[in-house]
Amino acid sequence: MTNDELSDLLMRVRALEDERDIARLIASYGPRVDAADAGGAAALWDTDGFYDVEGWRMDGSDGVHRMVSSASHRELVAGGCCHFLGPAVVTVTGDSAIAVCESLVLLRSPDAAAERLPYAGWRHAATEYVVWRATANHFELRRSDGGWQIVGRTSRMLDGNPQAHHLLIAGLAGTALSRGEEQDR
Amino acid sequence: MTNDELSDLLMRVRALEDERDIARLIASYGPRVDAADAGGAAALWDTDGFYDVEGWRMDGSDGVHRMVSSASHRELVAGGCCHFLGPAVVTVTGDSAIAVCESLVLLRSPDAAAERLPYAGWRHAATEYVVWRATANHFELRRSDGGWQIVGRTSRMLDGNPQAHHLLIAGLAGTALSRGEEQDR
Amino acid sequence: MTNDELSDLLMRVRALEDERDIARLIASYGPRVDAADAGGAAALWDTDGFYDVEGWRMDGSDGVHRMVSSASHRELVAGGCCHFLGPAVVTVTGDSAIAVCESLVLLRSPDAAAERLPYAGWRHAATEYVVWRATANHFELRRSDGGWQIVGRTSRMLDGNPQAHHLLIAGLAGTALSRGEEQDR
Numbered sequence: 743m744t745n746d747e748l749s750d751l752l753m754r755v756r757a758l759e760d761e762r763d764i765a766r767l768i769a770s771y772g773p774r775v776d777a778a779d780a781g782g783a784a785a786l787w788d789t790d791g792f793y794d795v796e797g798w799r800m801d802g803s804d805g806v807h808r809m810v811s812s813a814s815h816r817e818l819v820a821g822g823c824c825h826f827l828g829p830a831v832v833t834v835t836g837d838s839a840i841a842v843c844e845s846l847v848l849l850r851s852p853d854a855a856a857e858r859l860p861y862a863g864w865r866h867a868a869t870e871y872v873v874w875r876a877t878a879n880h881f882e883l884r885r886s887d888g889g890w891q892i893v894g895r896t897s898r899m900l901d902g903n904p905q906a907h908h909l910l911i912a913g914l915a916g917t918a919l920s921r922g923e924e925q926d927r
Numbered sequence: 743m744t745n746d747e748l749s750d751l752l753m754r755v756r757a758l759e760d761e762r763d764i765a766r767l768i769a770s771y772g773p774r775v776d777a778a779d780a781g782g783a784a785a786l787w788d789t790d791g792f793y794d795v796e797g798w799r800m801d802g803s804d805g806v807h808r809m810v811s812s813a814s815h816r817e818l819v820a821g822g823c824c825h826f827l828g829p830a831v832v833t834v835t836g837d838s839a840i841a842v843c844e845s846l847v848l849l850r851s852p853d854a855a856a857e858r859l860p861y862a863g864w865r866h867a868a869t870e871y872v873v874w875r876a877t878a879n880h881f882e883l884r885r886s887d888g889g890w891q892i893v894g895r896t897s898r899m900l901d902g903n904p905q906a907h908h909l910l911i912a913g914l915a916g917t918a919l920s921r922g923e924e925q926d927r
Numbered sequence: 743m744t745n746d747e748l749s750d751l752l753m754r755v756r757a758l759e760d761e762r763d764i765a766r767l768i769a770s771y772g773p774r775v776d777a778a779d780a781g782g783a784a785a786l787w788d789t790d791g792f793y794d795v796e797g798w799r800m801d802g803s804d805g806v807h808r809m810v811s812s813a814s815h816r817e818l819v820a821g822g823c824c825h826f827l828g829p830a831v832v833t834v835t836g837d838s839a840i841a842v843c844e845s846l847v848l849l850r851s852p853d854a855a856a857e858r859l860p861y862a863g864w865r866h867a868a869t870e871y872v873v874w875r876a877t878a879n880h881f882e883l884r885r886s887d888g889g890w891q892i893v894g895r896t897s898r899m900l901d902g903n904p905q906a907h908h909l910l911i912a913g914l915a916g917t918a919l920s921r922g923e924e925q926d927r
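Residue numbers (this note's numbering), protein chains in the order written: chain P, 743 to 927; chain W, 743 to 927; chain G, 743 to 927.
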């Protein structure tokens with residue numbers, strides 16, 4: 743193996759590891775917030791990063807920490823919520839990366855009717871989750887000494903909003919959102 | 743490292759890359775169609791491929807393009823839809839591959855009752871998505887000069903249809919569907 | 743390349759393969775049980791493993807086989823069910839591994855009202871799936887001669903139960919549950 747061949751192979755393995763690391767980071771978001779683990783969720787973000795949900799902007803890992811610690815989030819966790827993120831499509835370019843996925847948020851309904859469904863299993867233990875949101879998510883990430891972190895996450899509901907479609911297309915193309923764009927609706 | 747060892751290592755890295763490429767392709771389907779990106783969705787298919795949904799057959803990437811461009815699909819996107827595909831199980835054999843996953847299609851309901859759930863977050867912004875379909879998906883893929891493409895996708899709802907079960911079992915075994923089988927119900 | 747560099751590279755590729763194998767194993771659970779493939783589902787488990795759902799414990803691959811073969815599970819498959827597992831976060835340590843993911847179980851409702859949603863696509867073919875459960879899953883796996891297998895899976899609904907939160911946090915940390923803990927509610 744020549745030095746060039748070896749360096750090519752090492753780059754390919756490094757690319758697979760980067761994508762694995764980023765997919766893992768994104769897959770851990772739901773479990774973190776559904777366990778009300780504010781510190782763990784905040785640590786996914788860069789100190790100076792942001793999370794923009796429908797134009798509501800959380801600043802930095804601190805902002806994410808406050809959201810997960812908030813009374814309204816803890817109410818959802820106590821009642822039963824599930825932030826379910828799908829497989830991410832990741833594009834790494836050097837020490838930056840873009841990722842995109844769709845996600846659902848489900849909330850447990852406190853009253854599920856045993857007669858709603860005809861299955862013995864259901865009737866034995868009727869519970870029901872309502873799908874509150876289905877969302878497009880665009881992530882910008884950066885490699886730091888401690889590994890990959892989110893520098894920006896922009897999320898828009900799939901409710902016909904063209905901004906949601908734009909996030910998906912840009913994410914698949916591996917392109918960042920232009921500055922300010924993430925706040926627009 | 744002997745030449746045999748090196749060639750074995752290169753094959754293993756290549757296998758990981760192939761599976762990554764195919765997982766990425768499948769994970770990009772939902773974002774493409776939910777953004778009404780007909781060209782992007784069509785490009786996932788081989789020109790001569792097919793997409794058979796419940797016995798309704800779209801021919802080639804053109805057929806997929808027409809579906810995503812159709813008035814009925816655009817109505818769903820405008821109202822709010824989410825094609826949510828789960829993690830795929832991929833089996834690569836040379837320049838062919840089989841993949842299988844389950845998927846959901848969710849549609850936004852235009853009227854969500856604020857009193858349905860007791861959470862402040864919900865009441866502040868009540869929206870609800872209905873799960874329209876839960877589906878078994880069997881993919882056949884081929885490596886071309888431009889990368890992997892879908893040559894066949896066969897989808898059947900998980901509604902007790904034995905064909906759906908067969909798609910799942912064949913997909914996990916990494917086996918193609920026999921010719922004509924994909925049209926049967 | 744020195745011997746040390748080569749051995750490091752081989753370990754990295756092996757780690758990627760292990761994580762791929764475990765992700766694949768977990769991604770195949772839903773398709774196995776939704777196809778009522780009792781043998782295929784049971785084979786994911788070690789003979790001496792367990793699957794603890796809400797404190798109900800199935801012993802070994804045999805216990806999983808009995809569950810998938812049971813009349814109540816087959817009733818769900820015949821009516822239409824979807825066990826939808828999200829992307830797993832996997833931590834491998836030698837021949838052991840911990841994985842965590844969230845999952846949904848959906849059941850088909852036999853009566854979906856055509857007037858519920860205003861979309862032509864829906865009205866043409868109204869069907870609806872109810873989300874029965876949203877669950878935290880903690881997996882313990884072991885490498886055997888035939889590959890990775892589940893030695894323990896512990897699942898708790900995301901209904902405010904602190905045990906579910908604990909499973910998520912432990913799973914993300916890559917730590918096993920202490921003995922007996924998996925049976926507690």
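Glycine included, every Cβ here is placed at the ideal spot set by N, Cα and C.
(request) Kindly indicate if chain G contains any beta-carbon less than 8 Å away from that of residue 800 of chain W. (result) Any Cβ of chain G closer than 8 Å to the Cβ of residue 800 of chain W would place that residue at the interface, and such an atom is absent.
(request) Starting from residue 776 of chain W, find everything on chain P with Cβ-Cβ shorter than 9 Å and list it in chain order. (result) 844, 876, 878, 900, 906, 907 and 910
(message) Taking the beta carbon of residue 887 of chain P as the centre, do at least 16 other beta carbons fall within 10 Å, making it buried, or is it exposed?
(response) exposed
(message) In whole angstroms, give me the CA-to-CA distance for residue 835 of chain P and residue 911 of chain P.
(response) 17 Å
(message) Using only CA atoms, which one of W/814, W/804 and W/875 lies nearest to residue 785 of chain W?
(response) W/804
(message) Less than 8 Å between C-beta atoms, sequence neighbours within five positions excluded: which residues of the same chain meet that for residue 821 of chain W?
(response) Closer than 8 Å at Cβ, skipping near neighbours: 849, 850 and 852.
(request) Work out the CA separation of residue 846 of chain W and residue 926 of chain P for me, nearest whole Å. (result) Here the model assigns residue 926 of chain P a pLDDT of 47, short of 50, so the residue's position is not dependable, and the following value carries that caveat. Going from the Cα of residue 926 of chain P to the Cα of residue 846 of chain W covers about 29 Å.
(message) Measuring alpha carbon to alpha carbon, tell me which residue in P/773, P/872 and P/780 is nearest residue 861 of chain W.
(response) Nearest C-alpha to residue 861 of chain W: P/872.
(request) From the DSSP output, in three-state form, read off residue 827 of chain W for me. (result) The answer is strand: DSSP assigns residue 827 of chain W an E or B state.
(request) Verify the CB distance criterion: does residue 833 of chain G have a CB-CB separation below 8 Å to chain W? (result) No, because no Cβ of chain W sits closer than 8 Å to the Cβ of residue 833 of chain G.
(request) Report back the beta-carbon spacing between residue 843 of chain W and residue 776 of chain W to the nearest angstrom; my notes put them in contact at under 8 Å. (result) Not really, about 16 Å apart at Cβ, beyond 8 Å.
(message) Check for me: the alpha helix (DSSP H) holding residue 763 of chain P runs from which residue to which?
(response) 745-769
(message) Is residue 890 of chain G close to chain W? Criterion is C-beta to C-beta, closer than 8 Å.
(response) Interface flag for residue 890 of chain G against chain W is unset, since no Cβ pair is found closer than 8 Å.
(message) Quick check on the DSSP output: the beta strand (DSSP E) that includes residue 845 of chain W runs from which residue to which?
(response) 838-851
(request) Since I believe residue 792 of chain P is in contact with residue 779 of chain P (beta carbons under 8 Å), could you give me their beta-carbon distance rounded to a whole number of angstroms? (result) Rounded, the Cβ-Cβ distance is 20 Å, inconsistent with contact.
(request) Determine the direct distance from the alpha carbon of residue 750 of chain P to that of residue 797 of chain G, and round the result to whole angstroms. (result) 50 Å
(request) Enumerate, from N- to C-terminal direction, the unbroken beta strand (DSSP E) stretches of 3 or more residues contained entirely within the region 865-918 of chain W. (result) 870-886 and 889-899
(request) Classify residue 776 of chain W as helix, strand or coil using the three-state DSSP reduction. (result) helix
(request) State yes or no: is the beta carbon of residue 773 of chain G nearer than 8 Å to at least one beta carbon in chain P? (result) no
(message) Can you list, in chain order, the residues of its chain with a C-beta nearer than 7 Å to that of residue 818 of chain W? Leave out the 5 residues immediately preceding and following it.
(response) 849
(message) So residue 785 of chain W contacts chain P; which residues on that side make the cut at Cβ distance below 7 Å?
(response) Proximity of chain P to residue 785 of chain W at the Cβ level (cut-off 7 Å) is not reached, the minimal Cβ distance being about 11 Å.
(request) Establish whether the CB of residue 914 of chain W and some CB of chain G are separated by less than 8 Å. (result) Residue-level contact check: residue 914 of chain W touches chain G, since one or more beta carbons of chain G fall below 8 Å from its beta carbon.
(request) Identify the contact partners of residue 829 of chain W in chain G, using a Cβ-Cβ distance below 7 Å as the criterion. (result) The CB of residue 829 of chain W comes closer than 7 Å to the CB of 765, 769 and 829 in chain G, given here in chain order.
(request) Could you give the DSSP three-state label for residue 799 of chain W: helix, strand or coil? (result) strand
(message) Please return the same chain residues whose Cβ sits closer than 8 Å to the Cβ of residue 788 of chain G, not counting the five positions on each side in sequence.
(response) Within the same chain, residue 788 of chain G has close Cβ partners 802, 803, 884, 886, 891, 892 and 893.
(message) Does the CB of residue 926 of chain W have a neighbour CB from chain G at under 8 Å?
(response) For residue 926 of chain W, the predicted structure reports a pLDDT of 48, less than 50, and the residue's modelled location is therefore unreliable. The matter cannot be settled from this model.
(message) So that I know if they touch, is there some Cβ in chain G lying closer than 8 Å to that of residue 895 of chain W?
(response) Chain G, which has no Cβ nearer than 8 Å to the Cβ of residue 895 of chain W, makes this no.
(request) Run the CB neighbour count on residue 875 of chain P, radius 10 Å, all protein chains shown included, and call it buried at 16 or more, exposed below. (result) buried
(request) Go ahead and pull the three-state DSSP assignment for residue 821 of chain G. (result) DSSP places residue 821 of chain G within a helical segment (H, G or I) once states are collapsed to three.
(request) Closer than 7 Å, Cβ to Cβ, to anything on chain P: give me those residues from the region 803-820 of chain G, in chain order. (result) Within the region 803-820 of chain G, contact with chain P at the beta-carbon level (separation under 7 Å) is assigned to 814, 817 and 818.
(message) Taking 8 Å as the threshold (beta carbon to beta carbon), is residue 759 of chain P in contact with chain W?
(response) no
(request) Round the Cβ separation of residue 878 of chain P and residue 900 of chain P to the nearest angstrom and send it over; I've been treating them as touching at under 8 Å. (result) Their Cβ separation, rounded to whole angstroms, is 6 Å, which keeps residue 878 of chain P and residue 900 of chain P in contact under 8 Å.
(message) Give me the chain P residues within the contact set of residue 795 of chain G, using Cβ-Cβ distance strictly less than 9 Å, ordered along the chain.
(response) Correct list: empty, because the minimum Cβ distance to chain P is about 10 Å.
(request) Verify whether the separation of the beta carbon atoms of residue 889 of chain G and residue 763 of chain G is less than 8 Å. (result) Their beta carbons are under 8 Å apart, which means residue 889 of chain G touches residue 763 of chain G by this criterion.
(message) Give me the residue from W/863, W/774, W/826 and W/828 with the minimum Cα distance to residue 807 of chain W.
(response) W/774
(message) Residues of chain P with CB closer than 8 Å to the CB of residue 743 of chain G, please, in chain order.
(response) Residues of chain P passing the Cβ test: 743 and 748.
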